[in-house]
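Worksheet: the structure to be examined is printed underneath.
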Amino acid sequence: MSRKPPPSGGMRREGSPFTGLGPVFMKEFADHLSSARMMVLMLFVIAFGALPVGLSLQELRTITESDPFLFLRIFTSSPQRVPFSFTASLSLVIPLLAIGLGFDAVNSEFNRRTLSRVLSQPIYRDALLLGKFLGGLATLAVALVALWLIVLGAGLLLLGLPPRGVEVARGVGFLVVAIAYGGVWLAVAMLFSVIFRSTATSALCSLGVWLFFAILWPLVVPVMVLAVTPADVAMGMGRLDETLAMIEAQSMLERLSPNTLFGEAVVGLLNPETRTLGPIIPSQMRGAIMGAPLPFDQSLVLIWPQVTGLIAGMIVVFAAAYVVFQREEVRA
Amino acid sequence: MHRLIALFVTLAIPFLGPQAAAQQQPPVMQGLFLLTDYPAQTVRAGETATVRVKLQNSGLAPEAMALALSGVPAGWKIDILGGGQPVASAMPGQNESVSLQLRVEVPKDDKPGSHQVALSAKGARLQSVELPLTLTVGTEAPAKLSLKSRLPSLRGTPRSSFEYTVTVGNDSGKDLTVALSAQGPANFQTTFTEGFGSNEISSIPIEAGQTKDIKVKVTPPRDVKADDYPVLVKVAAEGATADLRVTLQISGQGRLALSTKDGRLSGEAEIGKASAYTLVLVNDGTAAVAEIEMSGTVPANWKVEFNPKTIPTLAPNEKKEVQVLVTPADKAIAGDYVASFRATARGESSAADFRITVTTSTLWGLVGVGIIAVALLVLLGAVARFGRR
């Protein structure tokens, strides 16, 4: 069976594009789990996760006031000695983990000249790319679930009280959001691994995008927004609706970054007192019972756009990688 | 003009002065006198009585007067006291007097009857004066108390407090400690306080012949029916009692209570949509409440409506359901808010704080699912477009 460049609108393929998806997924998953790189990444993640969790657990043990969401505080409280909460730490480490898993997904096969060998099997390219992506995502999920369970177990052991049902539900929601966040970065890394033949270039580009969104974007957005707003509004002298519009525009731009989406979703899920992620006018808070937690379903409604954005972003980036991969010449 | 009058007054005084002084001078009566208010007294067997005596010197030169008693019955002991100490003589100055007391100790088993006792004061210059006293041993006079109130009947609502000022008199010849008590209908609370004091008292000491004002405060139970209720105030001391009936005229009063059917004071409301809650208004007072108006305090830009808005009258123990429609503001933020509903009538009101959980529409959630579906469609389109054989 000879492989030709895609005839535009020409021959339709026969059978499901997902033939062979299972073997690719299993192989990729097994490779990841047994690889030395995975061990290093895992150690990295656990070290970054364990430090804030351990310290915040030490602090939580000294708290005497009753807190209905004590278990969630393990995730969100930032210890005094290290001003870094578990979730903040994860928002940095998850992209690294995902990029580490995905930056050489396709081009390493290419460089080892194994790609054409694989594709000579009854496996479509669709299945190969999707299998690799799902394998990476599954590995990511395993790592995050393990980490989540470790945190939960440590909390049980050191706090000595079981989490309530709603806390577990919120924790599971957090896990799903974290996996989706990792998925976005995995898709980005795979996109670069498809575009660039060199694994180093691909890794560098992925890390560059990550650094851009993690560090540069939060600094650039306010400058951009201030540049286009009138001076009096920027100084805080404008009308209420103009100021609100400025703030809205700024947060909309910030939400282009997966880091912002992840951060907001985590705040909504793990801080049940969060009522809104946008600006609040004082008149809206009149009569509100401060500190009253939002019901879980309302928190979900609140962060739903963020979750949707992460999942849709993951799919769109993966689709881009797919299109690029399909158009590529794979015979080296 | 003023100065002229002042001058006239100063001139006039020397002429008026001696004349006025002469008019005030009582007729001069020289001599030495032993005086007592009650020369014939009753004493009781087994008790100590005190007889107050005064040695008066009118216009004589001061002189030491030796005091002596004669005719003291057998077994009796009479001491002459001056300034609290036993004395043997007294020396009143010119136109002055010395107070003396005779402490009379009567033996327990003394029989009733009269005894003549004479107190004499003898001076060195053969001046002497004698005071005969008749001390009668009487049968034991019982302690006697009186109880009076100026306003024995008060009117009020079950919530007012009824304060009666009663005057307790000790009409007996000795000091008494009077115990106070009151008998009222069940669950009526009675407290006693002294005059203007705030301390509750259960007994009060009253000197012989004196009276004291005490306050009796009666608190009826809140749910008492309109009626007249008597309260019997009793004072007692050493076997003597006195009682006084005071009356509480309690008129009925309506009382409103606002709640819900099952007592749950929380509910949910969706942003921009009216949510209905059923409030229950109860009159658990003792009289009808008229012209009840419903009102509510809700967060800014919220709407609240009552159905019915006014209730003409609510009889005692009658329940009335009131529908309240709450519409959160369009820009409300999800979460818990406090809305306060009130039923107000003349002089009577009741409020209920309602906790409303505002929920947002799940419409945008569906939009989010739609976005994911679009992304998947893009992917499927790419698969269809670029899929290879």
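Protein sequences appear in the order of chains D and Y.
Note that the numbering used here has the first sequence beginning at 1, numbered continuously upward.
Note that the numbering used here has the second sequence beginning at 1001, numbered continuously upward.
Beta carbons are placed, not taken as given, at the ideal position from N, Cα and C, and that holds for glycine.
Just so it is clear, the structure is predicted and the values come from calculations on it, not from any experiment.
Exposed is the label assigned to ILE289/D, since fewer than 16 other Cβ atoms lie within 10 Å of its Cβ. Annotated three-state conformation of PHE1192/Y is strand, per DSSP. Looking only at ALA321/D, MET314/D, ALA88/D, the smallest Cα-Cα distance to ILE1371/Y is reached by MET314/D. Distance from the CA atom of ILE281/D to the CA atom of LEU240/D, rounded to whole angstroms, is 9 angstroms. ARG1346/Y and VAL1246/Y have their C-alpha atoms roughly 30 angstroms apart. Straight through space, the alpha carbons of VAL1129/Y and ASN1095/Y are spaced by roughly 16 angstroms. Against TRP304/D, the close residues of chain Y are TRP1364, GLY1365, GLY1368, in the order they occur along the chain (beta-carbon pairs closer than 8 angstroms). Of the residues assessed, ASP1227/Y falls on the exposed side of the cut-off, its CB having fewer than 16 other CB atoms within 10 angstroms.
For HIS1115/Y, the pairing in a beta bridge is given by DSSP as LEU1135/Y. The closest CA to that of ASN1199/Y, considering only ALA1074/Y, VAL1216/Y, ALA1288/Y, PRO1132/Y, is found on VAL1216/Y. Per DSSP, the unbroken beta strand (DSSP E) holding ASN1307/Y starts and ends at 1303-1307. Membership of PHE213/D in any beta strand (DSSP E) is not indicated, and neither H nor E is assigned to it by DSSP. The way I'd put it, the stretch 119-127 of chain D doesn't touch the stretch 72-88 of chain D; fewer than three beta-carbon pairs between them come closer than 8 angstroms.
Where GLY263/D is concerned, the enclosing alpha helix (DSSP H) starts and stops at 258-270. At least 9 angstroms separates the beta-carbon of ALA1329/Y from that of THR1297/Y. With distances taken between CA atoms, VAL118/D lies nearest to VAL24/D out of THR76/D, ALA231/D, VAL24/D. The alpha-carbon separation between ASP1353/Y and THR1260/Y amounts to approximately 11 angstroms. Taking the C-beta atoms as reference points, MET190/D is found no nearer than 9 angstroms to PHE18/D. A check of alpha carbon separations from PRO1230/Y across MET1091/Y, ARG1125/Y, THR1134/Y, THR1190/Y identifies THR1190/Y as the nearest. Assigned with DSSP and collapsed to three states, ILE1372/Y falls in helix. For PHE318/D, the C-beta contacts it makes with chain Y under 8 angstroms involve LEU1379, in order along the chain. It is roughly 25 angstroms from the alpha-carbon of PRO258/D to the alpha-carbon of THR243/D. Contact check for VAL177/D against ILE303/D passes: the beta carbons are separated by less than 9 angstroms. When secondary structure is reduced to three states using DSSP, ASP67/D falls in the coil class, being assigned neither helix nor strand. Counting only residues of its own chain and dropping the five nearest sequence neighbours on each side, GLY1169/Y has a CB closer than 7 angstroms to the CB of LEU1145, SER1146, THR1211. Beyond the five residues adjoining it in sequence on each side, ALA1068/Y comes within less than 6 angstroms, by CB distance, of SER1120 in the same chain, given in chain order. In the DSSP assignment, THR1219/Y forms a beta bridge with GLN1189/Y. Remark: C-beta atoms of LEU270/D and GLY171/D approach each other more closely than 9 angstroms. Secondary structure of SER1251/Y (DSSP, three-state): coil. Contact of TYR1337/Y with chain D by beta-carbon distance below 8 angstroms involves GLY287, ALA288, ILE289. At the C-beta level, ALA1118/Y and PRO1132/Y come within 9 angstroms of one another. The Cβ of THR1360/Y sits closer than 9 angstroms to at least one Cβ of chain D.
If you keep only unbroken beta strand (DSSP E) runs of at least 3 residues inside the stretch 1246-1291 of chain Y, you get 1256-1260, 1266-1270, 1275-1283. Taking a C-beta cut-off of 8 angstroms against chain D, the contacting residues of the stretch 1322-1346 of chain Y are ALA1329, LYS1331, ALA1332, ILE1333, ALA1334, GLY1335, ASP1336, TYR1337, VAL1338, ALA1339, listed in chain order.
Chain D places no beta carbon closer than 9 angstroms to that of LEU1265/Y, leaving this residue out of the contacts.
Taken atom to atom, the span from the alpha-carbon of ALA265/D to that of VAL323/D is near 30 angstroms.
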